[in-house]
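Undergrad: One structure coming up, written as structure tokens, with questions to follow.
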Amino acid sequence: MTGHSLFSVRGLACARGDRTLFAGLSLQLDAGEALHVRGPNGLGKTTLLRALCGLSRPLRGDVRWRGERTSDLAEEFAAEVAYVGHLNGVQGELTAAENLERAVRVFARGQDAALGVAAALDRVGLARLATKPARHLSQGQKRRLALARLLVLRRPLWILDEPFTALDVAAVASLSSLIGEHMAGGGLALIVSHQAFELPGIRDFDLAHFCKARS
Amino acid sequence: MGEFGGFAGVSRLIKFIHKYGAPKRFYRLAGRLVPWFAGVTALLFVVGLYLGLYWAPPDYQQGDAYRIMFVHVPNAWMSMMAYVIMASFAATGYIWNVRLADIMAKATAPLGASFTLTALVTGSLWGKPMWGTWWVWDARLTSELILFFLYVGYMALQASIDDPRRAAHASAILAIVGVVNIPIIHYSVYWWHTLHQPASLTLTSQPKIYITMLIPLIIMSLAFMFFYFTMLLVRVRSEILVREQRTDWVRKLVRSKR
Amino acid sequence: MKGGLLSAMVAVFTRELLVFWRRSTEVMTALVFFVIVTTLFPLAVGPERHELMLMAPGVLWVAALLATTLSLNHLFASDYQDGSLEQLLVSPYPLSALVFAKIAAHWVLTGLPLALLSPLLAVQMALPTKAIGTLVGSLLLGTPILSLIGAVPAALTLGVRGGGVLVSLLVLPLYTPVLIFGAEAVAASAGQGFASVAHLSLLGAFLAVVVSFAPWASSAALRVSLD
Amino acid sequence: MTFSTFSQFLAMGGFAFYVWSAYGFAALVVLINVVQPIIHNRKVWRTLRRDLDRAEEDE
């Protein structure tokens with residue numbers, strides 16, 4: 001299995017209901033690389049990300065991490081991925097700090113947290129709100145709390161679905177530089193976003209290329 | 216899916232299922248089989264009804280009322296068999312992603328529910344002359360009633376999910392849980408029944424069943440079984456068309472039959 | 474790694490308790506429902522003590538069944554809406570273990586208080602004192618089964634229209650063995666006849682079956698619902 | 701011969717109502733199970749044809 005990229009996808013096909021969204025999708029990603037997945041609404045960008053991190057079952061295809069099938073790795077692979085979806089996964093009844101502490105305990109496996117909870121909250125600009133119940137946070141603040149999870153867990157592969165929604169200009173820039181640091185440290189990232197953002201070295205990936213012309 | 220790929224035999228079986236379980240192939244095959252199955256069903260019904268209603272002598276205890284057995288018992292058998300078949304198809308569809316199996320499971324549910332309903336109503340009609348009331352909490356009738364609720368739940372879940380794949384897989388899990396539970400439900404109901412009516416008469420617990428009763432019973436059971444297979448094929452054919460409507464072969468088929 | 478899994482399960486469990494503690498109304502609803510339903514029965518059938526005593530095991534057990542069914546909607550629904558369930562599915566631990574922790578928390582919040590409250594209602598329903606121990610025991614053995622089995626339909630109906638009513642339609646037929654064994658155990662120790670031990674051990678055997686099966690089935694159900 | 705006359709056959713030894721209702725109900729359920737899929741199948745074909753017509757108009 002030498003010569004493989006760190007993360008490689010071959011011949012992936014996904015469906016929504018009985019309709020095939022895309023087929024024959026292949027991509028390669030190595031340490032320090034990032035991919036910006038593009039395409040109009042309804043093509044299946046979210047489905048692609050969910051299939052890659054194991055949330056949904058693809059029709060066909062071969063997804064490999066370090067040369068091994070992710071479906072065989074199962075939880076081993078999950079320990080390498082951080083996923084931020086449309087939903088923030090932030091529990092309204094818990095405070096911002098409690099949300100992160102819980103993430104560390106439920107998701108960090110063996111390894112030490114990359115950043116302490118307080119430091120991570122500081123980094124995303126929520127330090128003052130640490131003890132506030134998360135339901136009182138604004139949309140943008142909740143989004144930042146979700147992204148702070150990326151900092152407290154040391155995961156090589158980031159899969160981010162529209163991470164910039166609800167973020168203000170400064171936060172967008174700060175997140176971009178965060179992803180840049182992640183790449184510089186040898187991390188991988190797959191990002192779906194309609195919003196423009198600047199990130200040196202990121203490649204574009206057009207999903208429309210793998211979709212049949214729709215009737 | 217990877218965890219099953221390791222066994223060579225299983226993977227060969229899966230390949231076989233995927234090849235002959237292709238909806239297009241099966242649609243044609245089923246179309247050719249339906250008339251034959253329908254013919255066998257009709258023949259079995261004619262013979263079974265003649266033997267059951269006319270040829271078999273009356274029972275020395277129950278008189279002619281026991282003839283209800285020839286519809287009640289086959290339906291009760293089929294109601295349970297259909298649930299097991301449904302759960303097996305559903306499990307196949309869920310574990311190996313076989314769409315045809317999903318469709319078979321979905322098509323089985325209404326047929327199984329019909330068998331259950333018929334078993335309940337005929338059981339009640341048999342009970343009235345025997346027990347003097349329309350409904351007795353007899354063990355067989357009670358577990359049949361619970362089985363009916365299980366069928367209703369399965370169909371309700373199928374109907375309330377729009378995405379056909381999710382509907383099939385969600386109801387598959389329900390069916391599997393049901394099939395694990397049914398023996399326990401059955402056992403608990405019989406246990407409960409013996410506690411409360413230790414001496415009551417059970418409809419089919421005669422010391423011996425005569426050969427003259429057994430022959431019509433078997434033929435009627437076969438008739439209902441073939442009826443099930445016939446209607447399963449018919450239902451599966453329409454469901455295949457609905458679920459494959461975007462494929463080229465269905466479009467070609469529709470165009471040719473305009 | 475073992476220690477990691479255990480601490481993750483504990484984290485899920487305690488977080489669940491904390492969340493429900495902070496919106497305690499939901500826990501109370503099921504409990505209050507249990508109390509009100511059992512109170513309604515004497516009003517409907519009359520206060521005659523002997524009649525009430527005959528009905529008590531059945532009434533208490535049916536009320537417990539309905540109260541648990543009512544509370545099943547809270548098991549996954551809010552986690553589903555805010556996305557933390559989705560996160561649980563991509564955690565590096567076996568999902569069935571984490572789901573088991575969630576179900577355990579659900580039982581601690583519904584089944585356990587219900588069992589502890591039941592002696593009061595048993596007195597209301599004129600159940601003989603000697604049967605109260607069996608009632609509590611049967612509820613302690615039986616309500617975990619209700620939470621475990623109930624998790625499967627609760628997971629299957631996430632985000633489905635008419636989910637709440639559908640859950641009860643799906644789950645109540647599956648509850649029949651629990652109802653039979655539980656109510657029979659109480660009735661047996663209220664009367665003179667059979668020993669209740671047989672029923673209780675059947676209940677225990679059923680619990681063993683369900684513990685090994687339900688967490689797996691409900692995690693499979695969650696994967697289907699979030700696919 | 702179990703029954704010597706046709707009216708005896710219809711009387712079913714005094715259990716006519718129960719026996720014939722049971723068989724009648726079973727027959728009714730069988731009939732519904734035959735008719736309903738056929739009607740459904742016709743409906744499916746109708747919608748498939750209509751959808752195809754629409755798709756071809758668009759082209």
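Taken in order, these protein sequences are the chains called C, B, G and H.
Using this note's numbering, read the first sequence as starting at 1 and increasing by one per residue.
Using this note's numbering, read the second sequence as starting at 216 and increasing by one per residue.
Using this note's numbering, read the third sequence as starting at 474 and increasing by one per residue.
Using this note's numbering, read the fourth sequence as starting at 701 and increasing by one per residue.
From the three backbone atoms N, C-alpha and C, an ideal C-beta is built for every residue, glycine too.
Is it buried or exposed, residue 541/G, if we count other Cβ atoms within 10 angstroms and call 16 or more buried?
TA: Under this definition residue 541/G is a buried residue.
Undergrad: Alpha carbon to alpha carbon, how far is residue 351/B from residue 511/G?
TA: Their Cα atoms are separated by approximately 27 Å.
Undergrad: Enumerate in chain order the residues of its own chain whose CB-to-CB distance from residue 211/C is below 6 Å, with the five nearest sequence positions on each side excluded.
TA: Cβ within range, chain order: 22, 43.
Undergrad: With the cut-off set at 8 Å, would you say residue 565/G and residue 78/C are in Cβ contact?
TA: Yes, the pair counts as a contact, with Cβ atoms nearer than the cut-off.
Undergrad: Could you run through the segment 441-463 of chain B and flag, in chain order, every residue whose CB is less than 7 Å away from some CB of chain C?
TA: Correct list: 458, 461.
Undergrad: Within 10 angstroms of the Cβ of residue 181/C, are there 16 or more other Cβ atoms? Answer buried if so, exposed if not.
TA: It is exposed - the Cβ of residue 181/C has fewer than 16 other Cβ atoms within 10 Å.
Undergrad: For a cutoff of 8 Å on Cβ pairs, would you count residue 76/C as touching chain B?
TA: Taking Cβ atoms only, chain B never reaches closer than 8 Å to residue 76/C, which makes this a no.
Undergrad: Please report the distance separating the alpha-carbon of residue 474/B from that of residue 648/G.
TA: Because chain B spans 216 through 473 in this model, residue 474/B falls outside it and cannot be assessed.
Undergrad: So residue 676/G packs on residue 614/G, CB below 8 Å; how close in whole Å?
TA: So it is a contact: roughly 5 Å between Cβ atoms.
Undergrad: Taking residue 122/C as the reference, which of 169/C, 38/C, 106/C, 145/C has the closest Cα?
TA: Minimum Cα distance to residue 122/C is reached at 145/C.
Undergrad: Does any C-beta atom of chain G lie closer than 8 Å to the C-beta of residue 308/B?
TA: Residue 308/B does not count as touching chain G.
Undergrad: Just the chain B side, please: which residues come within less than 7 Å of residue 19/C by C-beta, in chain order?
TA: Neighbours of residue 19/C on chain B, chain order: 461.
Undergrad: Return the first residue and the last residue of the alpha helix (DSSP H) that residue 210/C is part of.
TA: Premise fails: residue 210/C is in no alpha helix (DSSP H) and is neither H nor E.
Undergrad: Buried or exposed for residue 284/B, going by 16 or more other Cβ atoms inside 10 Å?
TA: By the neighbour-count rule (16 or more Cβ atoms within 10 Å), residue 284/B is buried.
Undergrad: Measuring alpha carbon to alpha carbon, tell me which of 570/G, 600/G, 654/G, 581/G ends up nearest residue 685/G.
TA: Minimum Cα distance to residue 685/G is reached at 570/G.
Undergrad: Taking 8 Å as the threshold (C-beta atoms), are residue 691/G and residue 572/G in contact?
TA: Yes. Within cutoff.
Undergrad: Out of curiosity, what's the CA-to-CA distance linking residue 750/H and residue 461/B?
TA: Using only the alpha carbons, I get a separation of about 13 Å.
Undergrad: For chain B, find out if any of its Cβ atoms is closer than 8 Å to the Cβ of residue 751/H; answer yes or no.
TA: Yes, contact with chain B.
Undergrad: Cα separation between residue 383/B and residue 116/C?
TA: One C-alpha to the other measures close to 44 Å.
Undergrad: Hey, residue 120/C and residue 148/C are a contact pair by Cβ (cut 8 Å); roughly how many whole angstroms apart?
TA: That belief holds up - the Cβ atoms of residue 120/C and residue 148/C are roughly 5 Å apart, short of 8 Å.
Undergrad: Please report whether the beta-carbon of residue 748/H lies at a distance below 8 Å from any beta-carbon of chain B.
TA: Yes, because at least one Cβ of chain B sits closer than 8 Å to the Cβ of residue 748/H.
Undergrad: Note down, in chain order, every chain G residue with its Cβ under 7 Å from the Cβ of residue 375/B.
TA: Per Cβ cutoff of 7 Å: 633, 634, 635, 639.
Undergrad: Are the Cβ atoms of residue 612/G and residue 641/G separated by less than 8 Å?
TA: For residue 612/G and residue 641/G, no; Cβs fall outside 8 Å.
Undergrad: Is it true that the CB of residue 663/G sits closer than 8 Å to the CB of residue 589/G?
TA: The answer is no: Cβ separation not under 8 Å.
Undergrad: Starting from residue 53/C, find everything on chain E with Cβ-Cβ shorter than 8 Å and list it in chain order.
TA: No chain E is part of this structure, whose protein chains are labelled C, B, G and H.
Undergrad: I'd like the list of long-range same chain contacts for residue 215/C, defined as Cβ closer than 8 Å, with 5 residues on each side in sequence excluded.
TA: Because residue 215/C sits at a pLDDT of 37, beneath the cut-off of 50, its placement in the model cannot be relied upon, and the following sentence gives the value as read from the coordinates. Nothing listed; no residue qualifies.
Undergrad: With distances taken from CA atoms, which of 575/G, 651/G, 561/G, 658/G is nearest residue 493/G?
TA: Comparing Cα-Cα distances from residue 493/G to each of 575/G, 651/G, 561/G, 658/G, the minimum goes to 575/G.
Undergrad: Decide yes or no for the touch test of the segment 180-196 of chain C against the segment 35-42 of chain C: beta carbon pairs closer than 8 Å, at least 3 of them.
TA: As far as the Cβ criterion goes, the segment 180-196 of chain C touches the segment 35-42 of chain C, which means the pair count is three or higher.
Undergrad: Nearer than 7 Å: is that true of the beta carbon of residue 303/B relative to any heavy atom of the ligand MG?
TA: Ligands displayed in this structure: none; no statement on the ligand MG is therefore possible.
Undergrad: For residue 449/B, count the other beta carbons within 10 Å of its own beta carbon; 16 or more makes it buried, fewer makes it exposed. Which is it?
TA: That one is buried.
Undergrad: Grab me the residues of residue 503/G's own chain with a C-beta within less than 8 Å of its C-beta, minus the 5 sequence neighbours each way, in chain order.
TA: So the list reads 540, 541, 543, 544, 583, 587, once near-sequence residues are dropped.
Undergrad: I'd like the list of long-range same chain contacts for residue 198/C, defined as Cβ closer than 7 Å, with 5 residues on each side in sequence excluded.
TA: Only 176 meet the Cβ criterion.
Undergrad: Kindly say whether residue 467/B, judged by its beta-carbon, lies nearer than 8 Å to any beta-carbon of chain G.
TA: Judged by the 8 Å Cβ criterion, residue 467/B is not in contact with chain G.
Undergrad: Cutting at 7 Å between CB atoms, please list the residues of its own chain near residue 689/G, excluding the five before and the five after it.
TA: Within the same chain, residue 689/G has close Cβ partners 569.
Undergrad: Closer than 8 Å, CB to CB, is residue 381/B near chain G or not?
TA: Chain G, which has a Cβ nearer than 8 Å to the Cβ of residue 381/B, makes this yes.
Undergrad: How would you call residue 465/B, buried or exposed, if buried means at least 16 neighbouring beta carbons within 10 angstroms?
TA: Buried: at least 16 other Cβ atoms inside 10 Å.
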